[in-house]
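Enquirer: Residue numbers (our numbering): 50 to 141.
Cβ atoms here follow ideal geometry from the backbone N, Cα and C, with glycine treated the same way.
Okay, here's the structure, questions in a sec.
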């Protein structure tokens with residue numbers, strides 16, 4: 050029963066519901082548009098939320114547990130960006 054409860058909680062989560070709303074709006078032919086200012090405000094809110102959650106998580110485990118995975122993630126991102134750039138521009 051726990052797995053069905055988890056599935057239900059994931060289905061009714063705000064990101065999934067907003068995605069479903071967007072799909073429904075597209076299917077109905079709506080010209081739903083979010084103003085630029087609202088989009089920027091939402092982006093700032095989301096980034097702030099992510100930063101605060103990450104800060105709380107780091108404070109619980111300590112920076113020494115997080116620094117190596119964080120550096121590896123940054124290096125992986127740089128490596129992928131360089132690889133994709135070289136593929137699309139033909140640079141070898």
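(1) Could you name each continuous alpha helix (DSSP H) segment of 4 residues or more that falls completely within the segment 73 to 137, going from the start of the chain to the end?
(2) Starting from residue 56, trace the alpha helix (DSSP H) both ways and give me its first and last residue.
(3) Which of the three DSSP states is assigned to residue 71 in this structure?
Expert: This is what the structure holds:
(1) List check, alpha helix (DSSP H) in window: 85 to 110.
(2) Annotation: the continuous alpha helix (DSSP H) that includes residue 56 extends over 51 to 60.
(3) In this structure, residue 71 counts as helix in the three-state DSSP scheme.
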